[in-house]
């Protein structure tokens, strides 16, 4: 189980072309209005600060993660669902970075990764935090002033952590095997940002090598770049920027990839839009916005053959009013609570409790004038 690739995509796009104006375009897609009987997400918890990640490995075990601040170094926010309350967990004294990614393979095997959030505030520690016998401990320290952008928890002895943003120094690619963390520095591993797992020996990851985006594959022993995707995407130039940002791997012959493609107009303004590609085992084909697969690169499974996603964020961001639930070839809008006057709601992660029809989401309710946030935890039974 890993992160659902919601938050970082818009932020990285803006950072990669710092100093330029950015416009994110959106396109109509295969989305239906909610039927009158469709349930809505409801608020089940709030906390000062910002929430970025969530794990819900069972109906009795849920954790929400984030940071007390985005604009300066701050200790992590780690909330455990106990009874009807979300309670701040006791963290190690050395933990001093916001949680940007979390995963769990079982209720007793939960990992959270702290690092820089959006700016290079060098005091933050990049570290792997592990729930051990009910207590949070630092499982590994990657260094100070580094970004983490993705993680995948396959088991208690098989965990991946990635860092690649184009925004500043990142951790690179680390792998826990048994009880030892090891860094992989060979290309393309050092440039990977997030991954989707088919099996321990079949993992697909996206990243950025400093010039263009990349897609890579782990075969159980090594990473190798897959150049076939780049042939289906626009060629980078001084006026074209291509970032391969998200992948959902159903199998080696069923990959869904999102590239964020930017084009500069004659006024120097960058216009970004998602380009979605599908690999069927033989070739790549572009997925139109009207097709069901358009949102699959940024979706997470609901464990019943369906999917959850927040879709693709616009920039500047607007208040979210729904999440998308996909099944039988159609995306249905599942309403979110309305943001308070003067605030906007930004969903940052969504997970489905395995084997159930219960989903949780975390969001930030952010003041449009001050930027101050309140973390919000949401739940829906569908």
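Residue numbers (our numbering): -2 to 379. Just so it is clear, CB atoms sit at the ideal spot from N, CA and C, and this is done for glycine as well.
ask   = Are the beta-carbon atoms belonging to residue 173 and residue 160 less than 9 Å from one another?
value = No, the pair does not count as a contact, with Cβ atoms beyond the cut-off.
query = Can at least three beta-carbon pairs, one atom from the stretch 76 to 87 and one from the stretch 100 to 112, be found at a separation below 8 Å?
reply = Verdict: no, contact absent.
request  = Return the Cβ separation of residue 295 and residue 309 in integer angstroms, given the expectation that the two are a contact with Cβ distance under 8 Å.
outcome  = Cβ-Cβ separation between residue 295 and residue 309: approximately 7 Å, consistent with a contact (criterion under 8 Å).
request  = In the DSSP assignment, find the unbroken alpha helix (DSSP H) run with residue 130 in it and report its ends.
outcome  = For residue 130, there is no enclosing alpha helix (DSSP H), as DSSP marks it with neither H nor E.
ask   = Residue range of the alpha helix (DSSP H) that residue 225 falls in?
value = Its alpha helix (DSSP H) spans residues 225 to 228.
query = What does a CB cutoff of less than 7 Å around residue 248 pick up in its chain, not counting 5 residues either side in sequence?
reply = Here residue 248 has 195 as same chain residues with Cβ atoms under 7 Å from its own Cβ, once five neighbours each way along the sequence are excluded.
ask   = Got a sec: is the Cβ-Cβ distance from residue 55 to anything in chain D below 9 Å?
value = You won't find chain D in this structure, because it holds only one protein chain.
ask   = What do you get for residue 262, buried or exposed, if any count of 16 or more other CB atoms within 10 angstroms of its CB means buried?
value = It is exposed - the Cβ of residue 262 has fewer than 16 other Cβ atoms within 10 Å.
request  = Could you pull out every residue in the same chain whose Cβ sits closer than 6 Å to the Cβ of residue 303, ignoring the five residues on either side in sequence?
outcome  = So the list reads 323, 324, once near-sequence residues are dropped.
key: Residues near residue 234 in its chain [Cβ-Cβ closer than 7 Å; skip 5 each side]   = Nothing listed; no residue qualifies.
query = Which value, in whole angstroms, describes the spacing of the CA atoms of residue 181 and residue 171?
reply = Cα to Cα, residue 181 sits roughly 6 Å from residue 171.
key: residue 326 in three-state terms, based on DSSP   = In the three-state reduction of the DSSP assignment, residue 326 falls in the coil class, being assigned neither a helical nor a strand state.
key: Identified DSSP bridge partners for residue 376   = Answer is 39, 357.
message = With distance defined between alpha-carbon atoms, name the residue in 102, 114, 354, 141 nearest to residue 91.
response = Of 102, 114, 354, 141, the residue nearest in Cα terms is 141.
query = Secondary structure at residue 186, three-state DSSP: helix, strand or coil?
reply = Reduced to three states, the DSSP call for residue 186 is helix.
key: Assumed close pair residue 201, residue 188 - CB separation to whole angstroms, cut-off 8 Å   = The beta carbons of residue 201 and residue 188 sit about 14 Å from each other, so the pair does not count as a contact at 8 Å.
request  = Please say whether residue 376 and residue 358 have beta carbons closer to each other than 9 Å?
outcome  = Going by C-beta atoms, residue 358 is nearer than 9 Å to residue 376.
ask   = Looking at C-alpha atoms only, which residue of 44, 154, 65, 104 is the closest neighbour of residue 97?
value = Considering only alpha carbons, the answer is 65.
ask   = Who pairs with residue 380 in a beta bridge, going by DSSP?
value = With the chain covering only -2 through 379, there is no way to say anything about residue 380.
Span of the beta strand (DSSP E), counted from its first residue to its last, around residue 72 = Per DSSP, residue 72 lies in no beta strand (DSSP E) segment and is marked neither H nor E.
inquiry  = Please state the DSSP three-state secondary structure of residue 211.
reply    = Correct three-state label for residue 211: strand.
Residue 369 versus residue 319 - alpha carbon distance = The alpha-carbon atoms of residue 369 and residue 319 are separated by roughly 22 Å.
inquiry  = Please state the DSSP three-state secondary structure of residue 231.
reply    = Here residue 231 sits in coil by DSSP.
query = Quick one: what does DSSP say residue 204 is sitting in, helix, strand or coil?
reply = In this structure, residue 204 counts as strand in the three-state DSSP scheme.
task = Along the beta strand (DSSP E) that carries residue 395, what are the first and last residues, could you check?
result = For residue 395 there is no data in the structure shown, the boundaries of the chain being -2 and 379.
key: residue 107 - containing beta strand (DSSP E), residue span   = 106 to 112 is the span of the beta strand (DSSP E), which, as asked, contains residue 107.
query = Measuring CA to CA, which of 60, 226, 208 is closest to residue 236?
reply = Nearest option by C-alpha distance: 208.
ask   = Do residue 87 and residue 371 have their C-beta atoms closer together than 9 Å?
value = Judged by beta-carbon spacing, residue 371 lies beyond the 9 Å limit of residue 87, meaning their Cβ atoms are not closer than that value.
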